[in-house]
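K.L.:
Here you go, one structure.
Residue numbers (our numbering), protein chains in the order written: chain E, 47 to 302; chain G, 18 to 190; chain V, 130 to 551.
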């Protein structure tokens, strides 16, 4: 700015003598002052405008930032809602399973035992294979039957479950409980088949020691004493630290 | 009539102003105006030269001596405190069309290298846009980002980080 | 008989009691918790080569976290006939590696190697592994791969390579090395920064970012011919190259149209098209293994987070919601999860997140840890870390159990990325 003013001054210094014949020094000075004032005003105006534009740009930046933050909050809220809905559904499934448990007990208390079986069949018949709640209910029902000593019904329900939900996370438990039910029904051959299918499908299952122990039990009941002993020995060798192995050792020691 | 004369004078001066640039490459950056004036009005030249001999860009007391804009963490908008600096550079560039400046964005080391490269670019581009709004021509401006790749200070603490979160205005020589 | 029946039922009922509720939640099986005990006997023949192979094999196996090395102390069979199994059974080892190694007349190294199952007393592997002169480490890695694959059922990654950038003062080197950080080869050395190396799926090329033109530009370089080309060099920044799984496309991040956005192009730089349109920072794209979607980092929500979008275009979905910021996502090879850098409370963590459940898990204790990438078998993760004020390379097993710092010569190692199977 200073530069420009000097420039104007200098320019006029050399320009004025050349044009001396046209107007007086006073006139020229006045005009210079006027021009200078106008230039100053324009420059000031320009600066003001730049500052205003910068302020506007600053506001745009702030708004952009706010918009991003809001977008982020929106994403988080939507996510939180989705999570809450999922949790709510899980709660419902859990609650439903618990309620059904009590309803079953109530039904048992009221009705004679043999009427329960068709009811159970109904429950499995209406189960939708894509409904995890139905799947959970089915396995819960079967387990409750087993616990309450209704081995035949339990076995039936478990067999139906295994057919209906071959990919279920409960298949392992279902097989195991089916074996237990068949064992209790003294159907040792079937129990053996069930236990072996479990081991075949999941050789590394955590239940392996107990399954082996159960297999030995079946073999013993089927009078295959030597094989039962061999199974127990295999159990001790493969899972030396398991509780089942301890029991197996005790059994072998006692039978001697 | 008088108005016309003055207009002519102004035009002359503007022409002188515009044509002086090539002379500018002398070792001491003599003010372009002074050089132009010397040619036609030796008597006043010394006064003018004394007043404007230094390119304001090289005047350590000028606001233009500041060549860096600093930011808080993960922010790319020029802060209020630095706006007068950016404005002064915009004004300088608008009056010195032959000067070119490169905006170099930098970041602290928090965040991934790639994210910081992008953030540094956003910082440099933000300053570039303000210079343009302030009157600089797009052709005078260029922007790059070094992300966190060229830290000024290498410590793992805020005193280093705050120095690294910046855009440098690097004028072409 | 009565007693047995009683006992069996007793066991059953006990189990039922403990499983009653647990049975209906997810069953956690301790896969990977078990470390396989193995013994590696230093190979006979050329003793020096034998010890060198031993060091590589044991280092590889330990780093995987899946093996426990049982000291062969005192026993050194080199042939199957010399193995007395009970000696090894008492040590508790399950697999025994033995062999011989020699340098041939043409200086090729030939190792004859066997792995024996100590429990079943059978031979699991019998194979000759050979390599050129001076490639003793390659022989070791190959043997470690064979052992790993036989005992875990997963493909080994010890013979694969990694790439990273080494910074020493103002010098930057792009380096390709063995998976254990040894055998470094300099691909490019310059005094301008190098960033973001990315392997082509066939391991023949590296794409990376170099500042040699004064700003960030994307280069593609052949590792065989060393020919290189700037494939994206527009105004502003050109960065974050990522190869599509078929190697036919490169995702890059350009600022030529404003903010950092994701573009697709051919690896030779042709047919560029923009695929993200956010106005915010979108960067660090990474293709899903099936090539249909991209993970990327974006700050469109006010802080850097991981998003996913279809490659064909369409809305992006935010995936990370933990407090703090998330960066540098990369898919696991099976496409079921992704690993990323999580910045929280001033510390960087290497974390994984499952796509299906959305569950996030930090694999490291936090610190200065950045830029994770999976090994091609998905079992290990390589990342940049810091120790004693120096940038180093580190690995963590994908279950977070085993961590290891990796050797680099000097300077700061940064921007590591694990290469593909060759």
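Note that beta-carbon positions come from the ideal geometry of N, C-alpha and C, so glycine has one too.
Look at the Cβ atom of residue 304 of chain V, then the Cβ atom of residue 226 of chain V, and state whether they are nearer than 8 Å.
P.N.:
Here the question's residue 304 of chain V lines up with position 175 in the third chain. Here the question's residue 226 of chain V lines up with position 97 in the third chain. No, they are not a contact pair.
K.L.:
Check distances from the C-beta atoms of the stretch 142–161 of chain G to those of chain V and list, in chain order, the residues that come in under 8 Å.
P.N.:
Within the stretch 142–161 of chain G, the residues whose Cβ lies closer than 8 Å to some Cβ of chain V are 142, 159, 160, 161, listed in chain order.
K.L.:
Taking a cut of 9 Å between CB atoms, which residues from the stretch 110–136 of chain E lie near chain G?
P.N.:
Within the stretch 110–136 of chain E, the qualifying residues are 110, 111.
K.L.:
Kindly indicate if chain V contains any beta-carbon less than 8 Å away from that of residue 169 of chain E.
P.N.:
The residue you call residue 169 of chain E lines up with position 123 of the first chain. At residue 169 of chain E the pLDDT is 42, less than 50, meaning the model places this residue with poor confidence; the figure from the coordinates comes in the next sentence. Judged by the 8 Å Cβ criterion, residue 169 of chain E is not in contact with chain V.
K.L.:
Across the stretch 165–183 of chain V and the stretch 506–521 of chain V, are there enough close Cβ pairs to call them in contact, namely three or more that are closer than 8 Å?
P.N.:
Judged by Cβ distances under 8 Å, the stretch 165–183 of chain V makes no contact with the stretch 506–521 of chain V, as fewer than three pairs qualify.
K.L.:
Which of the residues in the stretch 437–449 of chain V, read from start to end, lie with their CB under 8 Å from any CB of chain E?
P.N.:
Within the stretch 437–449 of chain V, the qualifying residues are 447.
K.L.:
Could you check what DSSP says for residue 181 of chain G in three-state terms: helix, strand or coil?
P.N.:
Here the question's residue 181 of chain G lines up with position 164 in the second chain. Helix.
K.L.:
Tell me the rounded alpha-carbon separation between residue 257 of chain V and residue 288 of chain V.
P.N.:
In the third chain, residue 257 of chain V corresponds to position 128, counting from 1. In the third chain, residue 288 of chain V corresponds to position 159, counting from 1. Each residue's alpha carbon lies about 16 Å from the other.
K.L.:
Count the C-beta pairs between the stretch 369–378 of chain V and the stretch 276–293 of chain V that are closer than 8 Å, then say yes if the count reaches three, no if not.
P.N.:
Too few Cβ pairs lie closer than 8 Å, so no.
K.L.:
Rounded to whole angstroms, what is the Cα-Cα separation between residue 82 of chain G and residue 120 of chain G?
P.N.:
For the purposes of this step, residue 82 of chain G is taken as residue 65 along the second chain, with counting starting at 1. For the purposes of this step, residue 120 of chain G is taken as residue 103 along the second chain, with counting starting at 1. Cα to Cα, the separation comes out at about 15 Å.
K.L.:
Which class does residue 112 of chain G belong to by DSSP, given the choice of helix, strand or coil?
P.N.:
As a working mapping, residue 112 of chain G is identified with position 95 in the second chain. Residue state, collapsed to three classes: helix.
K.L.:
I'd like to confirm the pairing. Which residues does DSSP put opposite residue 402 of chain V in its beta bridges?
P.N.:
Taking the third chain and counting its residues from 1, one reaches residue 402 of chain V at position 273. Bridge partners of residue 402 of chain V: V/393.
K.L.:
What whole-angstrom Cβ distance do residue 254 of chain E and residue 285 of chain E have, given they're in contact under 8 Å?
P.N.:
Translated into positions along the first chain, residue 254 of chain E becomes position 208. Translated into positions along the first chain, residue 285 of chain E becomes position 239. Contact holds; Cβ gap of about 7 Å.
K.L.:
If the cut-off is 9 Å on Cβ atoms, which residues from the stretch 378–394 of chain V count as contacting chain A, listed in chain order?
P.N.:
The structure shown contains no chain A; the protein chains it does contain are E, G and V.
K.L.:
Please report how far the alpha carbon of residue 169 of chain E lies from the alpha carbon of residue 239 of chain E, in whole angstroms.
P.N.:
Here the question's residue 169 of chain E lines up with position 123 in the first chain. Here the question's residue 239 of chain E lines up with position 193 in the first chain. Because the pLDDT of residue 169 of chain E is 42, which lies under 50, any placement of that residue in the model is unreliable, and the question is left without a value.
K.L.:
In whole angstroms, what separates the C-alpha of residue 422 of chain V from that of residue 380 of chain V?
P.N.:
By 1-based counting over the third chain, the position of residue 422 of chain V is 293. By 1-based counting over the third chain, the position of residue 380 of chain V is 251. Going by the C-alpha atoms only, they are around 11 Å apart.
K.L.:
Helix, strand or coil: how does DSSP classify residue 130 of chain G here?
P.N.:
Within the second chain, the letter at position 113 stands for residue 130 of chain G. Residue state, collapsed to three classes: helix.
K.L.:
Mind listing, in chain order, the continuous alpha helix (DSSP H) runs of no fewer than 4 residues lying wholly within the stretch 470–544 of chain V?
P.N.:
Listed in chain order, there is nothing to give.
K.L.:
In whole angstroms, what separates the C-alpha of residue 138 of chain V from that of residue 150 of chain E?
P.N.:
As a working mapping, residue 138 of chain V is identified with position 9 in the third chain. As a working mapping, residue 150 of chain E is identified with position 104 in the first chain. Its pLDDT being 41, under 50, residue 138 of chain V is placed unreliably in this model, and the value from its coordinates should be taken loosely. So the alpha carbons of these two residues sit roughly 24 Å apart.
K.L.:
By a C-beta neighbour count over all protein chains shown, 10 Å radius and 16 as the cutoff for buried, is residue 282 of chain V buried or exposed?
P.N.:
Taking the first residue of the third chain as position 1, residue 282 of chain V is located at position 153. Exposed: under 16 other Cβ atoms inside 10 Å.
K.L.:
Give the interface partners of residue 79 of chain E over in chain G, defined as CB-CB distance under 9 Å, in chain order.
P.N.:
The residue given as residue 79 of chain E occupies position 33 in the first chain. Under the 9 Å cutoff, chain G gives no residues; its nearest Cβ is about 11 Å from residue 79 of chain E.
K.L.:
Does the stretch 420–440 of chain V touch the stretch 448–467 of chain V, meaning 3 or more C-beta pairs lie closer than 8 Å?
P.N.:
Taking 8 Å as the limit for Cβ pairs, the verdict is that the stretch 420–440 of chain V does touch the stretch 448–467 of chain V.
K.L.:
In chain order, what residues of the stretch 406–419 of chain V put their CB closer than 7 Å to some CB of chain G?
P.N.:
Residues 410, 412, 413.
K.L.:
Starting from the beta carbon of residue 432 of chain V, find every residue of chain E whose beta carbon is closer than 7 Å, and list them in chain order.
P.N.:
Your numbering for residue 432 of chain V matches position 303 in the third chain. Within 7 Å Cβ-Cβ: 118.
K.L.:
List in chain order: all unbroken alpha helix (DSSP H) runs of 4+ residues lying wholly within the stretch 242–299 of chain E.
P.N.:
You should have 254–267, 271–284.
K.L.:
Between which two residues does the beta strand (DSSP E) harbouring residue 460 of chain V extend?
P.N.:
If you number the third chain from 1, residue 460 of chain V lands on position 331. Residue 460 of chain V -> beta strand (DSSP E) spans 454–460.
K.L.:
Given this structure, state the Cα-to-Cα distance separating residue 153 of chain V from residue 89 of chain G, to the nearest angstrom.
P.N.:
As a working note, residue 153 of chain V is residue 24 in the third chain. As a working note, residue 89 of chain G is residue 72 in the second chain. Here residue 153 of chain V scores only 18 on pLDDT, less than 50, and its place in the model should not be relied on; the value that follows carries that caveat. In a straight line, the C-alpha of residue 153 of chain V is about 51 Å away from that of residue 89 of chain G.
K.L.:
Can you find a CB in chain E that lies within less than 8 Å of the CB of residue 469 of chain V?
P.N.:
For the purposes of this step, residue 469 of chain V is identified with residue 340 of the third chain, where counting begins at 1. With 8 Å as the cut-off, residue 469 of chain V does not count as an interface residue toward chain E.
K.L.:
Looking at the structure shown, is residue 165 of chain V part of a helix, part of a strand, or coil, going by DSSP?
P.N.:
As a first step, residue 165 of chain V must be located in the third chain, where it is residue number 36. If DSSP states are grouped into helix, strand and coil, residue 165 of chain V belongs with the strands.
K.L.:
Since residue 183 of chain E is in the alpha helix (DSSP H), which residue starts that stretch and which ends it?
P.N.:
Stepping through the first chain from its first residue, residue 183 of chain E is reached at position 137. From DSSP, the alpha helix (DSSP H) with residue 183 of chain E extends over 178–193.
K.L.:
Indicate whether residue 164 of chain V and residue 192 of chain V have their beta-carbon atoms separated by less than 8 Å.
P.N.:
On the third chain, position 35 is the one that residue 164 of chain V refers to. On the third chain, position 63 is the one that residue 192 of chain V refers to. Their beta carbons are not under 8 Å apart, which means residue 164 of chain V does not touch residue 192 of chain V by this criterion.
K.L.:
Would residue 197 of chain V pass as an interface residue toward chain E - the criterion being a Cβ-Cβ separation below 8 Å?
P.N.:
In the third chain, counting from the first residue as 1, residue 197 of chain V sits at position 68. No, because no Cβ of chain E sits closer than 8 Å to the Cβ of residue 197 of chain V.
K.L.:
Starting from residue 328 of chain V, follow its DSSP beta bridges and name the residues at the other end.
P.N.:
Counting from 1 along the third chain, the entry for residue 328 of chain V is found at position 199. The partner list for residue 328 of chain V (beta bridge, DSSP) reads V/335.
K.L.:
Given that residue 459 of chain V touches chain E, what residues does it touch there, using C-beta distances under 8 Å?
P.N.:
Reading the third chain from its first residue, position 330 is the one you call residue 459 of chain V. Those do not exist, as residue 459 of chain V stays about 22 Å from chain E at its closest Cβ, beyond 8 Å.
K.L.:
At a CB-CB cut-off below 7 Å, which residues of chain E make contact with residue 98 of chain G?
P.N.:
One-based indexing of the second chain puts residue 98 of chain G at position 81. Result: empty, since nearest Cβ-Cβ is about 12 Å, beyond 7 Å.
K.L.:
Using a Cβ cut-off of 8 Å (strictly closer), state whether residue 187 of chain G contacts chain V.
P.N.:
Counted from its first residue, the second chain places residue 187 of chain G at position 170. For residue 187 of chain G, the answer is no, since every Cβ of chain V falls outside 8 Å of its Cβ.
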